[in-house]
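**Student:**
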Amino acid sequence: MTRQRAEEPEEAAAEAPAPVPAEDVRRRGVLPWTVSLLKKPTAWVVGVVLVALGATFGSGLQNLFTGLLPEGWSDPGKGIHLVDVRRQEMSGPVLIPDGASAAPFKSFDQARSAVNDLDWQAKHEWYAVENVTWEVTLVGRHSEDVVITDLRPKRSGPCTSILRQGTVVEDVPQGGGGDKILLRTDLGAPVPALTSEEDGSPYFTSRTVTLSKGETVVIPITATSSGPTCRWVLVVDYVDHGKRETMTIKAPGGREFGITGTPEGHPYRLSWIHECERAMRPEDWAERKKDKNYCPR
């Protein structure tokens, strides 16, 4: 009996399967560490916990990035964000009325740089003269598409007579072409509307602009006036989450857009032109008629 019990462990050991060599494991397409995991059930628990932690961490990151988006990014009725609105360079003269709080310029380059600066535009009273192009940049904010159904100019009141006094800065193309203008409006018309530059038809009568989330559109708008002085804003109608919404666009600094016509002759107190470093006075234009290269000293 004693001898038989002693032999039992040897028989049990003989019946146990031999370990699989690492080379055979690889040959069969099974990695060694998976065999190790099969022998250690606790490793499965650790793996499940790690996967859960990873999912939680990823969700946390998503919430973090969502929190970094601008306030109201996903709120209904706020599907469009105005990136900026700026005057296109060399799109027409700029008039600074007498009495406006603009510092005197020392050169044409300084004057031209100022009227194209957003901060300067926001702080000073000024008017486009006869012609100006504004570039409006909009971006979609919602995962659901936002559809712009109309974009129209709206006068803030009756137009008044032409402005004849002040300082004018000439900022027009000198023999160049420039970007193609998309839309145009005459602020002196009975009912101003945005029309296509290509064929003159009302642009939003048969067209819309659709913005997906993060999609940006730049809309150049050329405004003109043959004489009257007008103040105006842009009104945007759009559909967001199935509802009609409206937003108002103004010039830099929350100011209304302003435009006036071109008077006959050169009545302005000072005129900055690209050919001269010093501003022209009304009496200087008589000399310039005699000599086209004349500039005041």
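If you use this note's numbering, the sequence shown corresponds to residues 57 to 353, in order.
Idealized CB from N, CA, C, for every residue including glycine.
I need the straight-line Cα distance from Gly222 to Thr302, nearest angstrom please.
**Tutor:** Along the sequence shown, one-based indexing puts residue 222 at 166. Along the sequence shown, one-based indexing puts residue 302 at 246. Distance between the alpha carbons of Gly222 and Thr302: 36 Å.
**Student:** Measure the C-alpha to C-alpha separation of Pro338 and Pro319 and round it to an integer number of angstroms.
**Tutor:** Here residue 338 corresponds to residue number 282 of the sequence shown, with the count starting at 1. Here residue 319 corresponds to residue number 263 of the sequence shown, with the count starting at 1. Approximately 13 Å between the Cα atoms of the pair.
**Student:** Using only the alpha-carbon positions, how far apart do Ala158 and Lys306 sit?
**Tutor:** Taking the first residue of the sequence shown as position 1, residue 158 is located at position 102. Taking the first residue of the sequence shown as position 1, residue 306 is located at position 250. If you take the alpha carbons of Ala158 and Lys306, they lie about 20 Å apart.
**Student:** Locate the beta strand (DSSP E) running through Phe313, then write down its first and last residues.
**Tutor:** Residue mapping note: residue 313 aligns to position 257 of the sequence shown, counting from 1. Note, Phe313: beta strand (DSSP E), Phe313 to Thr316.
**Student:** Since Trp288 is in the beta strand (DSSP E), which residue starts that stretch and which ends it?
**Tutor:** On the sequence shown, residue 288 is found 232 positions in, with the first residue counted as 1. Counting along the chain, the beta strand (DSSP E) containing Trp288 begins and ends at Cys286 to Asp296.
**Student:** Hey, Phe13 and Trp341: beta-carbon distance below 9 Å or not?
**Tutor:** With the chain covering only 57 through 353, there is no way to say anything about residue 13.
**Student:** So, at 8 Å on beta carbons, what are the nonlocal neighbours of Ser257 in its own chain, with the 5 sequence-adjacent residues on each side left out?
**Tutor:** Here the question's residue 257 lines up with position 201 in the sequence shown. Contacts found: Thr251.
**Student:** When we look at the beta-carbon of Arg263 and count the other beta-carbons within 10 Å, is it buried (16 or more) or exposed?
**Tutor:** In the sequence shown, the residue the question calls residue 263 occupies position 207. Exposed.
**Student:** Distance check for Asn187 and Gln166, CA to CA, integer angstroms please.
**Tutor:** Along the sequence shown, one-based indexing puts residue 166 at 110. Along the sequence shown, one-based indexing puts residue 187 at 131. Roughly 21 Å separates the two Cα atoms.
**Student:** Looking only at its chain, what residues have a beta carbon closer than 7 Å to the beta carbon of Pro168, apart from the 5 residues adjacent to it on each side?
**Tutor:** If you number the sequence shown from 1, residue 168 lands on position 112. Residue identity differs from the one stated: residue 168 is Arg in this sequence, not Pro. Taken in chain order, the residues that qualify are Val225 and Asp227.
**Student:** From Val141, Lys134 and Asp173, pick the residue whose C-alpha is nearest to that of Phe313; which is it?
**Tutor:** Here residue 313 refers to the residue found at position 257 when the sequence shown is read from its first residue. Of the candidates Val141, Lys134 and Asp173, the one whose C-alpha sits nearest the C-alpha of Phe313 is Val141.
**Student:** Please classify Val225: does DSSP put it in a helix, a strand, or coil?
**Tutor:** By 1-based counting over the sequence shown, the position of residue 225 is 169. If DSSP states are grouped into helix, strand and coil, Val225 belongs with the strands.
**Student:** In this structure, does DSSP put Leu174 in helix, strand or coil?
**Tutor:** Counted from its first residue, the sequence shown places residue 174 at position 118. Helix at Leu174.
**Student:** For Lys346, verify whether its CB is less than 8 Å away from any heavy atom of the ligand COA.
**Tutor:** Absence of the ligand COA is noted for the structure shown, with no ligands found whatsoever.
**Student:** With a threshold of 6 Å on Cβ separation, who are the neighbours of Thr272 within its own chain once the five nearest residues in sequence on each side are excluded?
**Tutor:** Here the question's residue 272 lines up with position 216 in the sequence shown. These residues qualify, in order along the chain: Val195.
**Student:** Whole angstroms are fine: how far does the CA of Glu254 sit from the CA of Leu238?
**Tutor:** Within the sequence shown, residue 238 is the residue found at index 182, counting from 1. Within the sequence shown, residue 254 is the residue found at index 198, counting from 1. Rounded to the nearest angstrom, the two C-alpha atoms are 8 Å apart.
**Student:** What first and last residue would you give for the alpha helix (DSSP H) that runs through Lys45?
**Tutor:** With the chain covering only 57 through 353, there is no way to say anything about residue 45.
**Student:** For Lys345, which three-state DSSP category applies?
**Tutor:** On the sequence shown, residue 345 is found 289 positions in, with the first residue counted as 1. In this structure, Lys345 counts as helix in the three-state DSSP scheme.
**Student:** Could you say which of Thr280, Lys269 and Pro276 lies nearest to Ile136 if we only look at CA atoms?
**Tutor:** Numbered from its first residue, the sequence shown carries residue 136 at position 80. Taking only the C-alpha atoms, the option nearest Ile136 is Lys269.
**Student:** From the DSSP secondary-structure annotation, give me the bridge partner or partners of Ala245.
**Tutor:** Numbered from 1 along the sequence shown, position 189 holds the residue referred to as residue 245. Answer is none; Ala245 lacks a bridge partner.
**Student:** Round the Cβ separation of Thr285 and Ile218 to the nearest angstrom and send it over; I've been treating them as touching at under 8 Å.
**Tutor:** Counting from 1 along the sequence shown, the entry for residue 285 is found at position 229. Counting from 1 along the sequence shown, the entry for residue 218 is found at position 162. Correct: roughly 6 Å between the Cβ atoms.
**Student:** Considering only DSSP beta bridges, list what Ser327 is partnered with.
**Tutor:** On the sequence shown, position 271 is the one that residue 327 refers to. Looking at the DSSP assignment, Ser327 forms a beta bridge with Val224 and Met336.
**Student:** List the endpoints of the continuous beta strand (DSSP E) containing Ile37.
**Tutor:** This structure does not reach residue 37, given that the chain is present from 57 up to 353, and the question cannot be answered.
**Student:** Is Ser281 closer than 9 Å to Ala184 when the C-beta atoms are compared?
**Tutor:** As a first step, residue 184 is located in the sequence shown; it is residue number 128 there, counting from the start. As a first step, residue 281 is located in the sequence shown; it is residue number 225 there, counting from the start. Yes, Cβ-Cβ distance for Ala184 and Ser281 is below 9 Å.
**Student:** Buried or exposed for Glu343, going by 16 or more other Cβ atoms inside 10 Å?
**Tutor:** Locating residue 343 in the sequence shown gives position 287, where the first residue counts as 1. Classification of Glu343: exposed, given that the 10 Å Cβ count is below 16.
**Student:** Which residues mark the beginning and the end of the beta strand (DSSP E) in which Asp206 is found?
**Tutor:** Counted from its first residue, the sequence shown places residue 206 at position 150. Start and end: Val202 to Arg211.
**Student:** Can you give me the Cβ contacts of Val289 inside the same chain, cut-off strictly under 8 Å, excluding the 5 residues immediately before and after it?
**Tutor:** Locating residue 289 in the sequence shown gives position 233, where the first residue counts as 1. Pro209, Lys210, Ser212, Thr304, Ile305, Lys306, Glu312 and Phe313, listed in sequence order.
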